[in-house]
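Numbering (the UniProt record's numbering), first residue to last: 1 to 294.
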């Protein structure tokens, strides 16, 4: 893997970790979660319009599959809202540990939704990863709470968002996928956000609210650049570096130290996810060789 692609991939997930850290700071400071989410997508929309020169590009507004575009545009803000609600109580390391089960959920859902059925090895890895999630959330104990449920919902909605993105990537332009993933949230969340929101109390809070969209869009832009310099299968495992970023930022900013059970569960989830990614890469390589041979 080219060193430049490696650095870009690490910076990608650092941006996402900084986004979540800023969001946790704001929601624990008393700002309504829906207001923070709205600010995140408002800045994302404005930056997208400027970056893609939306006043010149008709393809940004064109939808070939409007129902799926709309559904995808609703799933991302739902994910963000659930995640920010979870961050009010949970440590950053806890939310990211649960969220890293996304590759397993996507693999499980891809069968019934896309016809991409997993084999017995990947299903075994999914089951092992599920054990890791149970270790992190620990149902039946004091650790399991409404915040854990919010985090699980964020994982499920983002998995569906990922599947829809994979489905729409071959139909829609990149500009429209980026634009519609933010504009729906900006418009639909505006009324409740303005009702329950409050004016930032300091310049730092203003900057932090505006930076959420910058970090989100910046992370996605860096991911695209990394994917252009290395294959997606090589870039994908770097998502697990987000666990390191989140744990470090949680300790630096909030003084949080994950307990042993969270570390154990997160390790199992990471190992399972990396195995699934590696297995899918092996299958894709074998299919390409078979097609070339045929």
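Where a beta carbon is used, it is the ideal one built from N, C-alpha and C, also for glycine.
Asked                                                                                                                             : Found
Cα-Cα separation between residue 240 and residue 121, rounded to whole angstroms                                                  : 21 Å
The region 37-49 touching the region 67-87, judged by at least three CB pairs closer than 8 Å                                     : yes
Residue 263 versus residue 218 - alpha carbon distance                                                                            : 28 Å
Cβ-Cβ distance between residue 102 and residue 141 below 7 Å                                                                      : no
Residue ranges of each alpha helix (DSSP H) within the UniProt domain "EamA" (147-277), 4 or longer                               : 174-188, 190-196, 203-229, 232-235, 241-254
Environment of residue 24 [buried if 16+ CB atoms lie within 10 Å]                                                                : buried
Between the CA atoms of residue 108 and residue 286 - distance to the nearest angstrom                                            : 21 Å
Contact under 7 Å by Cβ, residue 210 with residue 57                                                                              : no
Inter-stretch contact (C-beta, 8 Å, three-pair minimum) for the region 196-216 and the region 60-76                               : no
Proximity below 7 Å, CB of residue 135 to CB of residue 104                                                                       : no
Selection from 166, 147, 97, 69 that minimises the alpha carbon distance to residue 271                                           : 97
Contacting residues, own chain, Cβ-Cβ under 8 Å from residue 82 (five flanking each side not counted)                             : 150, 151, 153, 154, 157
Per-residue burial, residue 292 [other beta carbons within 10 Å of its own, 16 or more giving buried]                             : exposed
Whole-angstrom C-beta distance between residue 223 and residue 163, which should lie under 8 Å                                    : Residue 163 to residue 223, Cβ: 17 Å. No contact.
Other residues of its chain near residue 180: CB distance less than 6 Å, five sequence neighbours each side excluded              : 69, 73
Nearest residue (CA-CA) to residue 214, options 189, 6, 18                                                                        : 18
Top-ranked residue by Cα proximity to residue 259, from 88, 93, 29, 16                                                            : 93
Same chain only: Cβ atoms within 7 Å of residue 269, ignoring 5 sequence neighbours per side                                      : 97, 100, 101, 129, 132, 133
Ordered list of alpha helix (DSSP H) runs contained in the UniProt domain "EamA" (5-137), each at least 4 residues                : 33-51, 66-87, 92-99, 102-114, 120-137
Supposed close pair residue 27, residue 87 - CB separation, criterion 8 Å                                                         : 6 Å
Beta-carbon proximity of residue 253 to residue 21, cut-off 7 Å                                                                   : yes
Per-residue burial, residue 245 [other beta carbons within 10 Å of its own, 16 or more giving buried]                             : buried
Chain-order list of residues whose beta-carbon lies under 8 Å from that of residue 243 (same chain, five-residue window excluded) : 93, 96, 97, 100, 266, 270
Own chain residues within Cβ distance below 7 Å of residue 225, not counting five before or after                                 : 8
Spatially closest choice to residue 71 from 183, 124, 89, 10, by CA coordinates                                                   : 183
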